[in-house]
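Input: a single structure, listed below in structure tokens.
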Amino acid sequence: MIILEIAENTPPNGVEPSITQANRLHRLLTNIGMIYTIQIEFEKAISIFNEVEQIQLLFDNPELLAIPYESLGYIHHQKGEYELAINYYEKVLIIYDESNAFHSGSNVYLNMISIYLEIDELMHAIQMLEAIKILPKP
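The sequence shown begins at 4 in the working numbering and counts up one residue at a time.
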């Protein structure tokens, strides 16, 4: 894993990787993960997004955890692993709720509604629709 190599290897000048370097790596790996997702290479994408998660955990950057979690939710949704998808989507909503930055989470709610409709959980879908109504307007 790329993140383990970063954590285990101190650069030659003795300086630890910075948050800026971590953010660059986060963006790079996220883009690679998206490419794998588009190509329907889900296992590779999952591996990459797990590394992105580890980067953000290592550098204690919870707001950016929403990106790999939402991506992992989408992948598991596409694979028909609905429980895992909902779990990741719920993590995203918690991050958005606890975050000082403005995020509506409406896309996550729509993805969850889609899952609930696919598995005939109409009451959960209605609850998600009601949650969207109370979200602030962007």
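Beta carbons: idealized from backbone N, C-alpha and C, even for Gly. Remember, predicted model here, so these are calculated numbers, not experimental data.
Boundaries (first-last residue) of the alpha helix (DSSP H) holding residue i
i    : result
S74  : 69–81
I89  : 85–101
N114 : 109–121
E133 : 125–136
Proximity to residue i [Cα-Cα], best of the options
i    : options              : result
I3   : D123, L96, G36, E54  : Summary: the structure shown does not reach residue 3, with the chain confined to residues 4 through 141, and so no result is reported for it.
I38  : G108, I78, T23, N64  : I78
I89  : P65, L60, Y72        : Y72
L31  : I41, I51, I43, E46   : I51
D123 : Y85, G36, S102       : Y85
I49  : L113, K82, E93, L125 : K82
I43  : H80, I116, Q59       : H80
T40  : E101, L75, I118, H29 : L75
Q24  : V55, I98, Y92        : V55
M3   : Y92, I98, Y99        : Outside the modelled stretch of the chain, which goes from 4 to 141, sits residue 3, for which no answer is possible.
D100 : K47, R27, L68        : L68
N26  : G36, Y119, Y112, N64 : N64
L87  : H29, Y119, I35, T33  : Y119
In chain order, what are the residue ranges of uninterrupted alpha helix (DSSP H) at least 4 long that sit wholly in the stretch 32–61?
List check, alpha helix (DSSP H) in window: 45–61.
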